[in-house]
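Protein chains: 2
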Amino acid sequence: MSWTDNRLCKLLGVDLPVIQGGMVYMSGAKLVAAVSNAGGLGLLGSGSMRPELFREQVRKTRRLTDRPFGVNIPLLFPNSREILEISLEEGIRIVVTSAGSPRRAMGPLKAAGCTVLHVVANPALAVKCEDAGCDAVICEGFEAGGHNGREELTSMVLVPQCVRAVSIPVVAAGGIASGAQWAAAMALGAEGVQIGSRFAMTEESSGHSAYKAKVAAAGFGDTMLMLKRHVPVRMLRNAFFDRVAEFEARGASGDELAELLGKGRARRGMLEGDVEDGELEIGQVSGMIDDIPTVAALMLRLAHEYDQTINRLARS
Amino acid sequence: MSWTDNRLCKLLGVDLPVIQGGMVYMSGAKLVAAVSNAGGLGLLGSGSMRPELFREQVRKTRRLTDRPFGVNIPLLFPNSREILEISLEEGIRIVVTSAGSPRRAMGPLKAAGCTVLHVVANPALAVKCEDAGCDAVICEGFEAGGHNGREELTSMVLVPQCVRAVSIPVVAAGGIASGAQWAAAMALGAEGVQIGSRFAMTEESSGHSAYKAKVAAAGFGDTMLMLKRHVPVRMLRNAFFDRVAEFEARGASGDELAELLGKGRARRGMLEGDVEDGELEIGQVSGMIDDIPTVAALMLRLAHEYDQTINRLARS
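Residue numbers (the numbering used here), protein chains in the order written: chain A, 5 to 320; chain B, 5 to 320.
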């Protein structure tokens with residue numbers, strides 16, 4: 005396939021319309037640089053970094069690649085303003101904002117000449133993003149790992165509704181771990197994909213090896229969207245998941261759930277490798293991920309599967 | 005597109021790999037015959053018919069079309085055995101079974117020379133279907149209307165896992181109301197699609213006009229999967245929905261939910277048009293359905309959109 009006319013590739017300055025999701029505890033310099041070097045767009049996941057660590061990771065990424073890369077900034081996180089300032093100081097020019105209003109950070113980002121994408125879970129927010137001046141939207145379906153929308157719109161339903169609602173490029177996220185799923189997203193009208201779980205499961209991802217082993221072993225029904233009355237999060241079944249399920253079954257309040265969650269649960273599970281009492285965020289598609297390739301091998305595989313899928317469809 | 009080599013078309017003897025879901029209160033002779041006459045496969049929805057009405061509807065359908073059509077039989081329904089006997093007596097040779105074990109009805113169906121498809125919501129059940137002798141499986145994602153699986157697997161994730169798990173044709177269902185969505189399903193490896201909500205919203209569907217008007221007006225977040233502790237059902241927001249949500253928020257038991265549901269809720273909503281106190285089953289894709297075309301016009305639209313989508317993908 006040739007992507008020379010693809011609007012997302014032009015916007016981001018990349019060869020392939022594939023963005024690596026900026027995931028907490030997974031997306032440090034090594035992963036980001038590997039994805040950008042392979043022709044996609046790597047995103048640093050600032051959500052799990054203290055400001056100084058983030059600055060280090062930006063500099064490290066720059067040493068590892070001369071290709072474009074960006075950062076994901078969850079706007080509702082306490083240090084998001086500081087992360088944003090560091091991003092601009094360090095010369096980052098592609099910013100993906102999430103978890104908050106797209107309008108909030110737009111002024112300084114646009115003044116600095118940044119390309120801005122915002123993550124949405126429904127078409128109404130996609131329209132707000134376009135109105136606010138976003139260059140593209142990333143629409144993330146119910147099947148995605150980690151934090152998730154309240155409407156539970158799946159990628160199959162969400163993507164075409166966002167495509168219909170806005171004229172800026174729509175990037176599909178949620179449930180994409182193969183070239184066939186990438187092609188399906190493009191059939192729905194997306195102009196690119198953001199891939200999370202599949203990149204979390206690469207050699208270069210900074211997730212703990214015990215976390216990766218647990219995800220590789222997971223079957224089709226092993227993630228569920230939990231904590232809906234607090235902040236909806238898709239997580240993998242383990243002892244902590246069972247406790248959350250227990251609390252929810254007896255109608256526990258948001259406050260009780262917040263207390264159970266506590267501080268550092270995700271760090272414990274994903275970075276420190278406590279796969280029973282930690283929170284293990286991953287997408288529903290983990291049921292079909294069972295290896296841990298290098299990013300370069302994975303990108304070749306995805307591109308090959310994509311081409312095969314399009315050729316199969318065109319032949320029929 | 006040419007479908008002459010499509011395995012599902014050959015199996016069913018139809019021109020297009022499009023099955024109309026056998027939906028309660030929607031899928032009588034008029035809808036079924038219209039779909040079959042337009043080149044797809046119509047399915048009578050026996051789940052909402054008493055045996056004698058069902059026999060009448062089979063005969064009526066046969067008067068309206070000389071093309072293949074079939075029946076959906078929810079195996080857990082009390083009169084499923086009688087419906088099955090009538091189907092065979094009346095010469096039906098395509099049977100879609102759902103809600104129960106695929107093995108249960110296989111003996112008599114295969115002895116009578118029937119083509120049998122079973123509806124599944126996870127890849128493990130797809131394997132059981134293949135082992136039991138099913139000719140194809142219909143895998144129905146979380147976004148589908150009405151009864152739904154417990155694993156909440158979305159079409160984007162479910163379809164490729166079923167395709168990987170079995171060698172019989174996989175039909176995708178859930179979230180398909182446009183040619184782009186049909187193409188996405190084929191990209192995922194499906195060899196055909198089953199479409200429910202979009203056919204419920206046609207002139208020929210026997211749903212009440214007030215139900216159709218309510219669905220046409222629905223927005224993107226207006227369905228949710230409810231009654232998970234009883235029998236998971238995707239339904240449209242209305243006064244009844246709010247009552248269910250209330251019960252669930254306070255952790256009501258399956259028995260309490262069953263009592264609230266009572267008898268005839270779905271009939272009241274979908275056939276009698278009580279759109280506030282009735283149960284309105286419909287898929288998540290209803291958020292992008294806003295007209296009520298004839299089946300013939302709809303099939304032309306879907307085929308046109310499908311071709312456009314494939315051509316767009318092949319050009320890139």
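Glycine included, C-beta positions come from ideal geometry on N, C-alpha and C.
Local Cβ density within 10 Å of residue i, reported as buried at 16 or more and exposed below that
{"i": "D246(B)", "result": "exposed"}
{"i": "K218(A)", "result": "buried"}
{"i": "E283(B)", "result": "buried"}
{"i": "K267(A)", "result": "exposed"}
{"i": "A321(A)", "result": "Residue coverage of chain A in this structure runs from 5 to 320, which leaves residue 321(A) outside it and unanswerable."}
{"i": "G193(A)", "result": "buried"}
{"i": "E155(A)", "result": "buried"}
{"i": "T101(A)", "result": "buried"}
{"i": "A221(B)", "result": "exposed"}
{"i": "N10(B)", "result": "buried"}
{"i": "S209(B)", "result": "buried"}
{"i": "G117(B)", "result": "exposed"}
is_contact[residue i, chain B] using C-beta, thresh 7 Å
{"i": "L317(A)", "result": "yes"}
{"i": "T158(A)", "result": "yes"}
{"i": "M292(A)", "result": "yes"}
{"i": "E134(A)", "result": "no"}
{"i": "V175(A)", "result": "no"}
{"i": "Q288(A)", "result": "yes"}
{"i": "T8(A)", "result": "no"}
{"i": "A184(A)", "result": "yes"}
{"i": "M126(A)", "result": "The displayed chain sequence assigns Asn, not Met, to residue 126(A). Output row for N126(A): interface = yes."}
Euclidean distance between Cα positions of residue i and residue j
{"i": "S52(A)", "j": "G153(A)", "result": "20 Å"}
{"i": "I23(B)", "j": "S31(B)", "result": "12 Å"}
{"i": "L57(A)", "j": "L92(A)", "result": "15 Å"}
{"i": "I286(A)", "j": "P78(A)", "result": "17 Å"}
{"i": "G277(B)", "j": "F81(B)", "result": "23 Å"}
{"i": "V289(B)", "j": "E147(B)", "result": "7 Å"}
{"i": "K132(A)", "j": "H122(A)", "result": "10 Å"}
{"i": "H151(A)", "j": "G258(B)", "result": "29 Å"}
{"i": "T313(B)", "j": "T227(B)", "result": "27 Å"}
{"i": "Y310(B)", "j": "A189(B)", "result": "11 Å"}
{"i": "V332(A)", "j": "L16(A)", "result": "Summary: the structure shown does not reach residue 332(A), with chain A confined to residues 5 through 320, and so no result is reported for it."}
{"i": "V299(B)", "j": "M205(B)", "result": "9 Å"}
{"i": "E207(B)", "j": "L302(B)", "result": "10 Å"}
{"i": "L20(A)", "j": "V36(A)", "result": "15 Å"}
{"i": "H212(A)", "j": "S201(A)", "result": "14 Å"}
{"i": "E89(B)", "j": "M110(B)", "result": "13 Å"}
{"i": "V197(A)", "j": "M292(A)", "result": "18 Å"}
{"i": "V174(B)", "j": "S159(A)", "result": "19 Å"}
{"i": "R97(B)", "j": "F73(B)", "result": "8 Å"}
{"i": "I296(A)", "j": "H308(A)", "result": "18 Å"}
{"i": "V99(B)", "j": "R85(B)", "result": "13 Å"}
{"i": "A42(B)", "j": "I199(B)", "result": "14 Å"}
Cutoff 7 Å: residue i Cβ touching any chain A Cβ
{"i": "R254(B)", "result": "yes"}
{"i": "Q165(B)", "result": "yes"}
{"i": "D225(B)", "result": "The question names Asp, but residue 225(B) is Gly in the sequence shown. Closer than 7 Å to some Cβ of chain A, the Cβ of G225(B) qualifies, so yes."}
{"i": "L192(B)", "result": "yes"}
{"i": "V120(B)", "result": "no"}
{"i": "G95(B)", "result": "no"}
{"i": "N242(B)", "result": "no"}
{"i": "I87(B)", "result": "no"}
{"i": "A140(B)", "result": "no"}
{"i": "V161(B)", "result": "yes"}
Cβ separation of residue i and residue j, assumed to be a contact under 8 Å, to the nearest whole Å
{"i": "C143(A)", "j": "P106(A)", "result": "13 Å between Cβ atoms; not a contact."}
{"i": "P112(A)", "j": "Q185(B)", "result": "Contact flag wrong, Cβ pair sits at about 39 Å."}
{"i": "T69(B)", "j": "L48(B)", "result": "That pair is no contact at about 12 Å."}
{"i": "V75(A)", "j": "S40(A)", "result": "Actually they are not in contact, since the Cβ atoms of V75(A) and S40(A) sit about 12 Å apart, beyond 8 Å."}
{"i": "L45(B)", "j": "A140(B)", "result": "Not really, about 11 Å apart at Cβ, beyond 8 Å."}
{"i": "V161(A)", "j": "G179(B)", "result": "5 Å"}
{"i": "Q61(A)", "j": "A33(A)", "result": "5 Å"}
{"i": "L157(B)", "j": "F224(A)", "result": "6 Å"}
{"i": "E94(A)", "j": "R71(A)", "result": "Actually they are not in contact, since the Cβ atoms of E94(A) and R71(A) sit about 16 Å apart, beyond 8 Å."}
Residues that residue i bridges to, as DSSP identifies them
{"i": "E285(A)", "result": "M239(A)"}
{"i": "A176(B)", "result": "C143(B), V197(B)"}
{"i": "T65(B)", "result": "In the DSSP output, where bridge partners are listed per residue, T65(B) has none listed."}
{"i": "H151(B)", "result": "V237(B)"}
{"i": "L121(A)", "result": "V100(A), A140(A)"}
{"i": "Q24(B)", "result": "I199(B)"}
{"i": "P78(A)", "result": "S102(A)"}
{"i": "M228(B)", "result": "M239(B)"}
Residue i: contacting residues in chain C (beta-carbon distance under 8 Å)
{"i": "T313(A)", "result": "Absent from the structure is chain C; the protein chains it does hold are A and B."}
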